[in-house]
Amino acid sequence: MQLGLFSLSYGGLWGQTTLDLRTFIRRAAELGFDAVMLAGKRPHLSPLDTDDRAIAALKDELQTARMQCAVVAAYTDLTPATAAEVPYLEMQIAYVESLCRLGAALGATIVRVFTAYATPTASPHTAWQRAVTTLREMCDRAAVHGMTIAIQNHHDLAVHTTALLELLYDIDRPNCKLGFDAWSPALRGEDLYAAAKSAAPYTAITTNADYISLPQFRYRPELVNYEPVGPDLVRAVPFGTGFIDYAAFFRGLRAGGFDGLATYEMCSPVRGGGALENLDQYARTYVRWMREHGLRH
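Letter by letter, the sequence shown follows residues 0 to 296 in numbering that gives the first Met the number 0.
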């Protein structure tokens, strides 16, 4: 597999050190990665800030560092807007299309997207159909730029692997694939090997991080006791030291035929804090774990 590093790991959103994209690209190369996934929003590859001059500078940086920009990460939520007059889904289609243009200019072939969060007022069937329609149009517009749309198993709609594969069937576009990750199935109790094997034939990328699960309780003074409060708090830890069985996950991906891009992310608070030295150590640990387990080309 190729190894990638996600730029938002150094985006400052969770108290981490913030690096600009050119510095990040150099850093990823120094840390031993083959490729980068660039966040399609501020402070990184926002369509509002990225002009032809910025693209040329990034291409030069990628070439100098001998790095590939493989993926641009879009941040979408296809939940229907509460105000019917607001073209909320059209805005997101235009946003994804703009990232396809930027990604193609940088040599990327994939734009990662999410589905939709659940709301108490939206009919599940209506939400599903609107997501299908919107993702079809995103795929059709991406195809013009030679891009693939990869749906990450993150948001509520179609988050279970069986549902995600059904959504892919309904979208029915050759350039619609999966960004299939382990953390969500692991948190929800799916069998990681089986889920990964079934998703692998349709998977374009996988994004990886490891976590520990911290049970929560509330004190009940009238009982002089505690009651459990769910769900558990989840915290990022160095790769290979958390509760996610990545050995089983990658066995499943390989058994299903996946041999693509595996990207590391630090997109939550991490044990040890957000100083540059700690982030770099996390990234190096991922590269080392992947190499030790025979998962790097």
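Every residue gets a Cβ at the ideal spot worked out from N, C-alpha and C, and that includes glycine.
In the structure shown, what three-state DSSP assignment does Q312 receive?
Absent from the model: residue 312. The displayed extent of the chain is 0 to 296, so no value can be given.
I'd like the list of long-range same chain contacts for P268, defined as Cβ closer than 8 Å, with 5 residues on each side in sequence excluded.
Within the same chain, P268 has close Cβ partners W13, G14, R234 and A235.
I'd like to confirm the pairing. Which residues does DSSP put opposite Y225 in its beta bridges?
Y218
Would you decide whether V70 is buried or exposed? Buried here means 16 or more other CB atoms lie within 10 Å of its CB.
buried
Taking only three categories from DSSP, how would you classify S197?
Residue state, collapsed to three classes: helix.
Please look up how many angstroms separate the CB atoms of A34 and G3, rounded, as I've assumed it's under 8 Å.
4 Å
Paired residues, beta bridge with L232 - DSSP
The partner list for L232 (beta bridge, DSSP) reads L213.
Between the Cα of L57 and the Cα atoms of I24, E84, L167 and D76, which residue gives the shortest distance?
Comparing Cα positions, the closest option is I24.
Between the beta-carbon of L191 and the beta-carbon of D155, is there less than 8 Å?
no
Please name the residue or residues paired with C68 in a DSSP beta bridge.
V35
Mind checking whether H292 and F249 have CB atoms under 8 Å apart?
Taking the C-beta atoms as reference points, F249 is found nearer than 8 Å to H292.
Would you kindly work out how many angstroms separate the C-alpha atoms of V54 and L44, rounded to a whole number?
Note that residue 54 corresponds to Ile in the displayed sequence, not to Val. Taken atom to atom, the span from the alpha-carbon of I54 to that of L44 is near 9 Å.
Smallest Cα separation from L275: which of T16, M0 and M137?
T16
Confirm, please, whether the CB-CB distance from A203 to L252 is below 8 Å.
no
Grab me the residues of G241's own chain with a C-beta within less than 6 Å of its C-beta, minus the 5 sequence neighbours each way, in chain order.
If we look at G241 and ignore the five residues flanking it on each side, its Cβ neighbours are D209, Y210 and I211.
Check whether the stretch 86 to 99 and the stretch 134 to 147 are in contact - that is, three or more C-beta pairs closer than 8 Å.
yes
Would you be able to state if there are at least three C-beta pairs under 8 Å between the stretch 169 to 177 and the stretch 215 to 225?
no
Please state whether the Cβ-Cβ distance between M265 and L278 is less than 8 Å.
yes
Extent of the continuous beta strand (DSSP E) run through Y263:
L260 to Y263
What would DSSP say about F133, mapped onto helix, strand or coil?
In the sequence as displayed, the identity of residue 133 is Thr instead of Phe. Of the three classes helix, strand and coil, the one that applies to T133 here is helix, per DSSP.
Please name the residue or residues paired with G10 in a DSSP beta bridge.
T17.
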